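Numbering (the numbering used here), first residue to last: 90 to 165.
Shown next, in the form of structure tokens:
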């Protein structure tokens, strides 16, 4: 699951050192553990968290909605 997300986001879930990880965390980007946690949540749970102002939940919810929408596209 993380490998797919990492590939979809051009390697952004890989960190070369602890400082890079800290910078991403400070900026509010979902970290690998956030993606894992979100994978066990329903879309409704993520939506509620996003509506309450969680920046990470907003990103994770948007990603989920995109994945669900892609699943409904016709295959050519």
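Built from N, CA and C at the ideal position, the CB exists for glycine as well. As the structure is a computational prediction, the values presented were derived from the model and not from experiment.
Asked                                                                                       : Found
Where residue 117 sits in the DSSP three-state scheme                                       : coil
Assumed close pair residue 130, residue 120 - CB separation to whole angstroms, cut-off 8 Å : Their Cβ separation, rounded to whole angstroms, is 15 Å, which puts residue 130 and residue 120 out of contact at 8 Å.
Status (buried if at least 16 other CB within 10 Å, exposed otherwise) for residue 102      : buried
Candidates 105, 158, 111 and 135, of which the one nearest residue 148 by Cα                : 135
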